[in-house]
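Chains A and B supply the protein sequences, listed in that same order. Each residue of the first sequence is one higher than the one before, starting from 874 at the first, in this note's numbering. Each residue of the second sequence is one higher than the one before, starting from 883 at the first, in this note's numbering. Glycine included, C-beta positions come from ideal geometry on N, C-alpha and C. One structure is given below, encoded as C-alpha cells.
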Amino acid sequence: MRSRRLLYLAPLAVFAAIAAAAAFYLQSGRDPSLLPSALIDKPAPAFSAPGLEHGGKIIRQGIESASFKGRITVLNFFASWCAPCLIEHPQITVLSKVPGVTLAGINYKDKPADAARWLARHGNPYARIGVDRDGEIAPEFGLYGVPETYLIDRAGRIRFKQVGPITKQVLEEKILPAIEALRK
Amino acid sequence: MSAEIGHFALIVAAILAFGQSVLPMAGASRRHGPLMALGGTLATGQFVFVLIAFCALTWAFVTSDFSVANVVQNSHSAKPLLYKITGVWGNHEGSMVLWCLILSLFGACVAWFGGNVAPGLRARVIAVQGMIGLAFLAFVLLTSNPFDRVNPMPPDGRGLNPILQDPGLAFHPPLLYLGYVGFSVTFAFAVAALLEGRVDAAWGRWVRPWALAAWSFLTLGIALGSWWAYYELGWGGFWFWDPVENASFMPWLVGTALLHSAIVAEKRDALKSWSILLAILTFSLSLLGTFLVRSGVLTSVHTFATDPERGLFILAILAVTIGGALVLYAWRAPSLRAGGLFRPISREGALIVNNLLMTVAALTVLFGTLYPLIVDALGLGKISVGPPYFNATFVPLMAPLILAMGVAPFLPWKRADLAGALDRLKLIVAVTIGAAAVVVFLEDRHSFAAALGIGLAVWAIGASVLELAGRVRLFRAPFGESLRRAAAMPRSAWGMTLAHAAAGVVVAGITASSVWQTEIVRVMRPGDSVEVAGYTVAFAGVREVRAGNYLARRGQFTVSEGGVAIATLSPEKRVYLPQRTPTTEAAIRTTWFADLYIVLGDPDERGGHAVRLYHNPLVPWIWIGAVLMFLGGMVSLTDRRHRVGAPRRSARPAAARPAEA
C-alpha cells in the first residue's frame, strides 16, 4: 500500500520539479529576446569546421576561423529543418552579393543529404559552408537557435549579432549600414 | 466613460468570484441547500459583469477611444470594423479579458445546464470554477488592466499587428480559448470529486459532455491556427512544432485521452483515478500553454508583448492550481475504490492503449518544448531541438494509436477475442495492405513513410466505415431496415464513427502533403511560364495596389490545364501603413484534392520576381478532417443521453451492475 501511495505522489513531484525550474528561470532574469552580447567586439571564437559533402562531392569548402582576418565575414547558422531560415534566405542571398563581404554558413545539426537538397532547392548563396553536425561549434558562439547571424570585421572581431531570421528591415536598417561602416 | 464602467465591472466580477469560490463550498460541506444554490446565482452574476467589461472594451475599440492606452497601442481609426472588434483580443490585456469571459461563461453553463448533476458535486464544481475565475480576474486587474487611460490623448492609434489582421487569426483565439477554458470544467469536476472523496459511473457521465465540448472547440481552434499558418506565413507548411503550437497541442492530446477514459469510467466504473488525473493534467497543460505564451519564456512566431512580472503571476496561479489539485490527488485518489475488472484484450484494454500513447505523446512534446529551457536554466547554453526531434518521437507513437483505434470499436467490453475482431476486419486489413503496397511500388522516394501513412489512413477510414456498416447491417438486411437502424443509432456512435474516420482523413492529408509536395522556386519575368504538377502557370506581371490600410504589390498569374485557362491567382506582398510591417499573402487555388500555392517574392534588378510555387496534394484534407472531428464531437454532444435520464448515483459498487453494451 505504501508504494501505491508513492505512485499517486509522482505527478506532484514531476510538477514541482518543472515549477521550480520555471521559477528559477524567471528569477534568473534571463530574457530570451535580449541575448548575451558578451561576444560583441570580442574576437570570434576559434574553430575549424569541415566542408559540406554529399554524394562524394564537396559542395563547399569548410571554414577556418583564422581565415576571417583581412576580410569582412557574415557568418550564418542555418539548417534545412529550420522554417525561419527559409524566410531569411532572400536576405542572406542579398548579403552574398554585397561586394567585399564573404558569406559563410554553418550547417547546424543537419543531415548532409537534407542540407544539400535544401540548398539545391532554394539556392546556395554561401561561399563556404562549415558543418556542425553535432552542435559543437554553436556553444562557442552562445547560439540560441537557428537562424543566427554574426558580422565579423577584418580584425576577426564580432561586431553584430542577429538572433532569428533577418528580415528585410533588419537587413536594410542594421546589417547593411554596419557593413558600410566596417568598410571605411 | 465606458473604460470606467468596464474597470468597475471587472472589480465587481472579482468580488462575485470570491463569493462563488467560498459560499457554495461551505454549503456543500454543511449540506445547506440555499448556500449551494447561491453558487449558481453568483456564477451567472460573474458572467454578466465580465460580459459588461468585455462589451465596454469592445466599445472603446469600435469607437476608437484613444484615451484608453490599450486602444492606442492596438487599434487605428482607419482599420476595418471587423478588425477593430477582433483587435479587442489581438493583444495581451484584451485576450486575458476574453479568457475570463469564456471561463465565467463555462461556470455559468454548469449552473444553467448542470441540473442533472448531484447538488453537492455541482456546488463544489461551481466553487472551483469561481476560484480559477478569481485568480485570472486578479491577474487582469493587478498586472494587465486593459482600461488604463493615457493623458494627453494621442490623435490616432498605433494599429494592430498586421499579421493578426486576418479572418483566420481573428477567430483563432476565441476558439482556442473555448477549448482551453472548457477543460477548466472537467478540472473542476475532478477537484470536486476528490473533495467529496467519491467517484462513480455517474461522475464519468457528467464529465463527458464537458470534455467533449472543450475537445471539439480545441480541435477547431488548432486547425484554424494551422490553416492560418499555412496560407499566411507563406512557407507552404502547416505545422512547425513551434512552442506555441505545442502549447495548444498538448492539452488536445491529453484531452483526447480524457475523452476516452471517461467512457470507461462511465460504462465500466474503471480507470476512475486515472480519469481524474487526466482531467487535472489537461487543464494544467492549458494553463501551461497560457503561461508559455504570456510570460515570454519561449519566443516564437507568436507576437505578443512579454513581461516577466506577468510571467511570475501566472506561474503563481499555475503553482497553486495545479500543485493544489495534485496534492489533493496524492491525498485522496489512493482511497478511491477500483471498479470493474477486465482482461487486457478488451475494449477497456484498447482504450488504455489510446490513453497511454496519447499521454506519452503529450509528454514527448512537453519534453521537446521545455528541454531548451531546462538546458538554458542549467547554464549549458541555448539550444533548440527542432522538428527532427518531434518527427522522430511523435510519428512512431501515432502509428500504433491509429491501429488500435481501428480495432477498438470491434472489441466488446470486459474480455475480447482479438483474432475474431481481426477476422471481421479482414476486408479492411487486405485493403490497407494493398494500399500500402501500391504506394511502395509507385513511389521510389520516401516510400516507407508514405506507405505507412497512407496505409494508416486507409485503415482508419475503412475500419470506421465497416463498423458503421456492421451496426446498420448494411447489405445483410433490407436497405430500409439499414436506414431505420442508422436513424436509430445513438448520436454518440455516429460521433465516434465520424471522428475516427476524420482522424484517417487528417493522416492522409499530412502524409500526402509532406511526401508528395512539389516546390518550385524561380525568378520569373512577365511572360514567363512554368509547369507545376500538370498545370501551366503564366506570370503576367506585378501591379501596385492600395487598399484600406496597406499598400501591396500584386502578382498576376494565369493557371491553365491542357491549354485552357482555369484560374487567375494574385499573391501579394503587403506593407501595412502605420508600422510599415511587411506581410506575405499567398494565393491558393484549391480543389478538394490538392492546392496550388503561389508566393510572390522580391523583385531583382532586371525586372524579374522571385516566385515560389507549391503543389500540395491532399493538404485540404487536414482541415476537412479537423472539421469532421469537430462535427463528430458536436454530434456526440447532442446524444439524448446527455440531456435526459440523469443517472442516479450508485449506492452500491457499480461493478455489481450489469455491464452496458
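Using a Cβ-Cβ cut-off of 6 Å (strictly less than) and excluding sequence neighbours within five positions of residue i, which residues of its own chain qualify?
i                       : result
residue 1040 of chain A : none
residue 1484 of chain B : 1492
residue 1002 of chain A : 925, 933, 978, 980
residue 1425 of chain B : 1436
residue 1494 of chain B : 1403, 1481
residue 1085 of chain B : 1075
residue 1038 of chain A : 957, 960, 961, 1020
residue 1454 of chain B : 1434, 1436, 1467
residue 1051 of chain B : 1110
On the DSSP bridge list, what partners appear for residue i?
i                       : result
residue 1435 of chain B : B:1426, B:1455
residue 1477 of chain B : B:1472, B:1498
residue 1025 of chain A : A:946, A:1031
residue 1005 of chain A : A:981
residue 1450 of chain B : B:1440
residue 1402 of chain B : B:1495
residue 1417 of chain B : B:1414
residue 970 of chain A  : Its beta-bridge partners do not exist; DSSP assigns none.
To the nearest angstrom, how far is it from the Cα of residue i to the Cα of residue j?
i                       : j                       : result
residue 1001 of chain B : residue 1322 of chain B : 59 Å
residue 911 of chain B  : residue 902 of chain B  : 15 Å
residue 877 of chain A  : residue 1216 of chain B : 7 Å
residue 886 of chain A  : residue 1282 of chain B : 29 Å
residue 1439 of chain B : residue 1451 of chain B : 5 Å
residue 909 of chain A  : residue 1122 of chain B : Any reading at residue 909 of chain A is ruled out, since the residue's pLDDT is 46, under 50, leaving its predicted position unreliable.
residue 940 of chain A  : residue 1208 of chain B : 57 Å
residue 1019 of chain B : residue 976 of chain B  : 12 Å
residue 955 of chain B  : residue 1028 of chain B : 11 Å
residue 1038 of chain B : residue 942 of chain B  : 13 Å
residue 1162 of chain B : residue 1171 of chain B : 14 Å
residue 1540 of chain B : residue 1222 of chain B : For residue 1540 of chain B, the pLDDT reaches just 39, beneath the cut-off of 50, and the residue's location in the model is therefore unreliable, leaving the point undetermined.
residue 1199 of chain B : residue 1156 of chain B : 24 Å
Comparing C-alpha positions only, which one of the options sits nearest to residue i?
i                       : options                        : result
residue 987 of chain A  : A:974, A:971, A:1004           : A:1004
residue 1392 of chain B : B:1428, B:1434, B:923, B:1331  : B:1331
residue 966 of chain B  : B:979, B:945, B:974            : B:945
residue 1057 of chain A : A:954, A:945, A:882            : A:945
residue 1371 of chain B : B:1389, B:1350, B:1510         : B:1350
residue 1399 of chain B : B:1119, B:1053, B:1054, B:1039 : B:1119
residue 891 of chain B  : B:1467, B:958, B:1004, B:1022  : B:1022
residue 1026 of chain A : A:915, A:884, A:1047, A:881    : A:915
residue 1475 of chain B : B:1355, B:1232, B:1502         : B:1502
residue 1386 of chain B : B:1406, B:1415, B:1356, B:1347 : B:1347
residue 1286 of chain B : B:1242, B:1237, B:1129         : B:1237
residue 1025 of chain B : B:974, B:1070, B:1415, B:991   : B:974
residue 1090 of chain B : B:927, B:1078, B:999           : B:999
residue 1417 of chain B : B:900, B:1448, B:1389, B:1431  : B:1448
residue 1077 of chain B : B:1243, B:993, B:1040, B:1206  : B:1206
residue 1415 of chain B : B:1234, B:1444, B:1430, B:1352 : B:1444
If I measure Cβ to Cβ from residue i and keep anything under 7 Å in the same chain, skipping five residues before and after, which residues do I get?
i                       : result
residue 1517 of chain B : 1373, 1376, 1377, 1380
residue 1137 of chain B : 1065, 1093, 1096, 1097, 1100, 1164
residue 1063 of chain B : 981, 984, 985, 988
residue 952 of chain A  : 958, 980, 981, 982, 983, 1019
residue 1427 of chain B : 1434, 1436
residue 1423 of chain B : 1408, 1438
residue 1181 of chain B : Since pLDDT at residue 1181 of chain B reaches only 43, below the 50 mark, its modelled position is unreliable, and the value read off the structure follows with that caveat. Within the same chain, residue 1181 of chain B has no close Cβ partners at all.
Within its chain, find whatever has a CB closer than 8 Å to the CB of residue i; leave out the 5 residues flanking it on each side and keep chain order.
i                       : result
residue 914 of chain B  : 908
residue 1134 of chain B : 1061, 1097, 1100, 1101, 1104
residue 1224 of chain B : 1150, 1152, 1230, 1231, 1295, 1296, 1297
residue 964 of chain B  : 1049, 1052
To be precise: take each residue of the region 964-993 of chain A, compare its Cβ to all Cβ atoms of chain B, and keep it if any distance is under 8 Å. Which residues remain? The region 964-993 of chain A vs chain B, Cβ under 8 Å: 982.
Within 9 Å of chain B by C-beta, residues of the region 946-957 of chain A in sequence order: Listed by position along the chain: 952, 954, 955, 956, 957.
Taking beta-carbon pairs under 7 Å, can you tell me which members of the region 1202-1233 of chain B lie near chain A? Taking 7 Å as the cut-off between beta carbons, the residues of the region 1202-1233 of chain B near chain A are 1204, 1205, 1208, 1209, 1211, 1212, 1215, 1216, in sequence order.
Can you give me, in chain order, the residues of the region 1489-1520 of chain B that have a beta carbon less than 8 Å from any beta carbon in chain A? The residues in question are 1492.
Give the residues from the region 1394-1424 of chain B that approach chain A closer than 8 Å (Cβ to any Cβ), ordered along the chain. Shown in chain order are the members of the region 1394-1424 of chain B whose Cβ falls below 8 Å from a Cβ of chain A: 1401, 1403.
Residues from the region 993-1009 of chain A in contact with chain B, defined by Cβ distance under 8 Å: Hits within the stretch, in order: 994, 995, 996, 1008.
Select from the region 878-899 of chain A all residues with a C-beta closer than 8 Å to any C-beta belonging to chain B, and list them in chain order. When CB distances to chain B are screened at a threshold of 8 Å, the residues of the region 878-899 of chain A falling below it are 878, 881, 882, 884, 885, 888, 889, 891, 892, 894, 895, 896, 897, 898, 899, in chain order.
Members of the region 1268-1294 of chain B near chain A, C-beta cut-off 7 Å: Flagged, chain order: 1268, 1269, 1270.
With 7 Å as the limit, tell me which residues of the region 1156-1170 of chain B have their beta carbon closer than that to any beta carbon of chain A; keep them in chain order. Result list: 1159.
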